[in-house]
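Some notes on the structure that comes next.
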Amino acid sequence: YQRRSLTKDTWPGALDVAVGGHIRAGESLAETVREAEEELGLALTLDDLTPIGRRFTDWSADGVIDREAQEVFALRCDQPLAAESLFTGHVDAIPAWEHARGAAEGHPITIRRADIAGYGARYPLAALAALRAVLRGETPEPFELGASEQ
């Protein structure tokens with residue numbers, strides 16, 4: 355997860371996916387992997403990623419309309435992340451770093467459902483189950499969640 359910038363128009367300061375972005379007009383899915391370098395400093399290709407799911411959103415609130423089809427991928431990465439390439443206005447913090455720092459100082463961090471960007475419970479749980487499989491070296495069965503199933 356990443357902590358969203360406080361300047362975001364949706365869920366400012368909430369925890370969200372580590373890398374996220376939109377496909378630009380004329381861009382292929384493989385080209386959108388640029389977001390990993392923009393947000394985490396990792397130069398990747400689509401072949402580096404494990405597809406873990408697909409979700410669809412359709413909601414509106416406070417003048418914001420969000421209709422998206424999202425492809426969800428996982429990456430098992432043993433490379434260190436360079437701090438200077440993390441915080442580009444999209445991201446305020448990486449909770450794994452916060453957690454490690456807090457635990458090292460004797461202050462564990464608790465993540466509550468209310469801390470996570472406005473998804474229903476099914477998406478974070480489906481993603482977490484798939485991420486656990488990837489960490490075990492398995493290829494998970496990709497999930498698919500419709501807008502009403504979040």
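When the letters of the sequence shown are read in order and numbered with our numbering, they come out as residues 355 to 504.
We put the beta carbon where it would ideally sit given N, CA and C, even for glycine.
Bridge partner(s) assigned by DSSP for residue i
i, result
"residue 413", "420"
"residue 369", "357 and 470"
"residue 404", "428"
"residue 499", "409"
Any non-hydrogen atom of the ligand ATP within 7 Å of residue i CB
i, result
"residue 385", "For the structure depicted, the ligand ATP is absent and the ligand set is empty, with no information on it obtainable."
Residue i vs residue j beta-carbon contact at 8 Å
i, j, result
"residue 501", "residue 412", "yes"
"residue 378", "residue 367", "no"
"residue 467", "residue 475", "yes"
Whole-Å CB distance - residue i paired with residue j, under 8 Å assumed
i, j, result
"residue 400", "residue 423", "Their Cβ separation, rounded to whole angstroms, is 17 Å, which puts residue 400 and residue 423 out of contact at 8 Å."
"residue 364", "residue 418", "6 Å"
"residue 369", "residue 469", "5 Å"
Inset, instruction - Count the C-beta pairs between the region 484-492 and the region 425-432 that are closer than 8 Å, then say yes if the count reaches three, no if not. - result: yes
Legend entry - Three CB pairs or more closer than 8 Å across the region 374-391 and the region 476-487: no
Inset, instruction - Kindly confirm or deny that the region 393-409 and the region 373-384 touch, where touching means at least three C-beta pairs closer than 8 Å. - result: yes
Legend entry - the region 405-419 in contact with the region 495-503 per 3-pair CB rule at 8 Å: yes
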